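Novice: Please find one structure pasted underneath; my questions will follow.
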Amino acid sequence: MRIKLLAFVAVLVGVSAGAVSPDGLVLYWLGKTPAPAPAVATVDEGLDFQAAFVRGLIPIAGDPVGYKVGLTSRAVQERFGVDHPLRGVLLERMLLAGGAVVPARFGAVPIAEADLMVRVGDAGVNQAKTPEEVLRHLDAVIPFIELPDLMLKKGEPLNGATITAINVGARLGVLGRPIPVEATPEFARALAEMQVYVSVDDALVMKVPGKAILGHPLNAVIWLAGDLARRGEALKPGDLVSLGSLGKPLRPQPGQTLWVGYSFGRWGGEVKVRFE
Numbered sequence: 137m138r139i140k141l142l143a144f145v146a147v148l149v150g151v152s153a154g155a156v157s158p159d160g161l162v163l164y165w166l167g168k169t170p171a172p173a174p175a176v177a178t179v180d181e182g183l184d185f186q187a188a189f190v191r192g193l194i195p196i197a198g199d200p201v202g203y204k205v206g207l208t209s210r211a212v213q214e215r216f217g218v219d220h221p222l223r224g225v226l227l228e229r230m231l232l233a234g235g236a237v238v239p240a241r242f243g244a245v246p247i248a249e250a251d252l253m254v255r256v257g258d259a260g261v262n263q264a265k266t267p268e269e270v271l272r273h274l275d276a277v278i279p280f281i282e283l284p285d286l287m288l289k290k291g292e293p294l295n296g297a298t299i300t301a302i303n304v305g306a307r308l309g310v311l312g313r314p315i316p317v318e319a320t321p322e323f324a325r326a327l328a329e330m331q332v333y334v335s336v337d338d339a340l341v342m343k344v345p346g347k348a349i350l351g352h353p354l355n356a357v358i359w360l361a362g363d364l365a366r367r368g369e370a371l372k373p374g375d376l377v378s379l380g381s382l383g384k385p386l387r388p389q390p391g392q393t394l395w396v397g398y399s400f401g402r403w404g405g406e407v408k409v410r411f412e
């Protein structure tokens, strides 16, 4: 244990004056300690760094089970200097059952966001060009609270390249009960018109339309499939896809309960998490 601790300290000291390596970032992730920014200049450099970072996380957080799409509103994209979403990788042990109790300080820079997840039914989703076509290749819509960790020290550059490098902040998330997909125009229209309600300790703090995600939540799947394809990758049956944040991020506080409810046409769902 002493040897491991000394190694951890040595890595932190070694990167304190400069950019962090993928292996070094894994140690910051483990220690829930704000990190220096990776030395990446483009989103593609960020994806290369991310791949190495995720390889280092797999022994800790489990195998990849899907993806998260981030920066899915124009205002947020402009804030971080990009004109498109970003993507990260979700690992098995990042995902918790609804009602989970989570430390308020679950990461170095923890936040909580209302989100929405879908599950891929078959590989045909990679050729889908419209939300209606996407629905034919999904088998579930899942209420989801994402618990990202922005990881970087105050003052470090937070832009498209560095956000990508830190795996778009993927850390934890809480899943609600899956809602079976109906591949119908009605279901697609209902998702576009969805209303999402966010409450903290039973007090409503936000009401957000589903179209806040790229005009239609399933546009995030279309974007993701295209971005994976340009690097020779593809969505697979069973992959989970976090579609993006719905509303402003919240700062978790000990003793707080966060609840998110979804209403779309004849369908609906909910998910909650408690912070300690």
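So the sequence shown is residues 137 to 412, counted in the numbering used here. Using N, Cα and C, we set each Cβ at its ideal position, and we do this for glycine too. Bear in mind that the values here come from a model prediction, so they are computed numbers and not experimental data.
1. Between the beta-carbon of L364 and the beta-carbon of A370, is there less than 8 angstroms?
2. With the cut-off set at 8 angstroms, would you say G257 and P373 are in Cβ contact?
3. Could you say which of P174, P246 and G198 lies nearest to L286 if we only look at CA atoms?
4. If the criterion is Cβ atoms closer than 8 angstroms, does the pair V218 and L207 meet it?
5. Going straight from the alpha carbon of A306 to that of V261, what length do you get?
6. Looking only at its chain, what residues have a beta carbon closer than 6 angstroms to the beta carbon of A175, apart from the 5 residues adjacent to it on each side?
7. E322 lies in the alpha helix (DSSP H); which residues open and close that run?
8. Specify, as a first and last residue, the run of the beta strand (DSSP E) that I196 falls within.
9. Whole-angstrom Cβ separation of V310 and V409, contact assumed at under 8 angstroms?
10. Please check the pair K204 and V334, which I expect to be a contact at CB under 8 angstroms, by giving their CB distance rounded to whole angstroms.
11. By Cβ distance below 6 angstroms, which residues in the same chain neighbour V145 in space, the five residues on each side in sequence not counted?
12. Alpha carbon to alpha carbon, how far is P345 from L252?
13. Measure the C-alpha to C-alpha separation of L232 and L308 and round it to an integer number of angstroms.
14. Grab me the residues of F216's own chain with a C-beta within less than 7 angstroms of its C-beta, minus the 5 sequence neighbours each way, in chain order.
15. Please name the residue in G202, G224, Q263 and L386 whose C-alpha comes closest to that of V254.
16. Of all the CB atoms in chain C, is at least one closer than 8 angstroms to the CB of G260?
17. Could you check which residue in R272, A244, L183 and L350 has the C-alpha nearest to that of R366?
18. Strictly by DSSP, which residues pair up with R387?
19. Quick check: what's the CA-CA separation for R229 versus P195?
20. Restricting to runs no shorter than 4 residues, where is the alpha helix (DSSP H) found entirely within the region 340-398?
21. Apart from the five residues just before and just after S399, which ones in its own chain have a Cβ nearer than 6 angstroms to its Cβ?
22. Can you round the beta-carbon distance between V317 and L382 to whole angstroms, since I take them to be within the 8 angstroms contact cut?
23. Considering only DSSP beta bridges, list what W403 is partnered with.
24. Which residue's Cα is closest to the Cα of V336: D180, A173 and Q392?
25. Give the DSSP-derived three-state secondary structure of R229 in the structure shown.
26. On the three-state DSSP scale, how would you describe A250?
Specialist: Short version:
1. yes
2. Yes; because the gap between Cβ atoms is below 8 angstroms, this pair is in contact.
3. P246
4. yes
5. 23 angstroms
6. If we look at A175 and ignore the five residues flanking it on each side, its Cβ neighbours are A155.
7. From DSSP, the alpha helix (DSSP H) with E322 extends over P321 to A328.
8. First-last for I196: V179 to A197, but that is the alpha helix (DSSP H), not the beta strand (DSSP E).
9. Cβ-Cβ separation between V310 and V409: approximately 4 angstroms, consistent with a contact (criterion under 8 angstroms).
10. The pair is not a contact, with the Cβ atoms about 18 angstroms apart (cut-off 8 angstroms).
11. With a pLDDT of 45 at V145, under the threshold of 50, the modelled position of that residue is not reliable, and no figure is offered here.
12. 12 angstroms
13. 7 angstroms
14. L207, L294, N295, G296 and I299
15. G202
16. The chain inventory of the structure shown lacks chain C, comprising one protein chain alone.
17. L183
18. None, per the DSSP bridge assignment.
19. 10 angstroms
20. 355-365
21. Q331
22. Actually they do not touch by this definition, with Cβ atoms about 19 angstroms apart.
23. F400
24. Q392
25. helix
26. strand
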